[in-house]
């Protein structure tokens, strides 16, 4: 697959890639429309080989409840969340994930 050219972002992609190698978790912040997702995808492609191809993108944009983040990420990674808590806030992440977010291998 051909890597798309991102004009003027090589420095940022390099900086975020370097940070990711050291920290293993990096957050990109900024107003909507400035290219955070584009940068994240480019960084994922740039470091995928170093991480043995185990790089996933989880789109959390459509989540409206922060309690669903863990389930969405776990489902993307192929993990099952288990809890002994029968509370009403417990949501089956598999059913939620199908309708509310998408992930893809980079």
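Residue numbers (the numbering used here): 97 to 202.
Backbone N, C-alpha and C fix where the C-beta goes; we use that ideal spot for every residue, glycine too.
All figures in this text were calculated on a predicted structure; none of them were measured in a lab.
Sequence-distant residues of its chain with Cβ nearer than 8 angstroms to residue i (five each side left out)
{"i": "residue 117", "result": "143, 146"}
{"i": "residue 115", "result": "122"}
Presumed contact (8 angstroms Cβ cut-off) between residue i and residue j, rounded CB distance
{"i": "residue 138", "j": "residue 109", "result": "5 angstroms"}
Collapsed DSSP secondary structure at residue i in the structure displayed
{"i": "residue 154", "result": "strand"}
{"i": "residue 130", "result": "coil"}
{"i": "residue 109", "result": "helix"}
{"i": "residue 178", "result": "coil"}
{"i": "residue 103", "result": "coil"}
{"i": "residue 144", "result": "coil"}
{"i": "residue 116", "result": "helix"}
Rounded straight-line distance, which links the Cα of residue j to that of residue i
{"i": "residue 159", "j": "residue 168", "result": "9 angstroms"}
{"i": "residue 129", "j": "residue 174", "result": "30 angstroms"}
{"i": "residue 126", "j": "residue 156", "result": "15 angstroms"}
{"i": "residue 172", "j": "residue 164", "result": "12 angstroms"}
{"i": "residue 166", "j": "residue 153", "result": "14 angstroms"}
{"i": "residue 132", "j": "residue 148", "result": "24 angstroms"}
Spatial neighbours of residue i in its chain, beta-carbon cut-off 7 angstroms, leaving aside the 5 residues before and after
{"i": "residue 135", "result": "105, 108, 109, 112, 124"}
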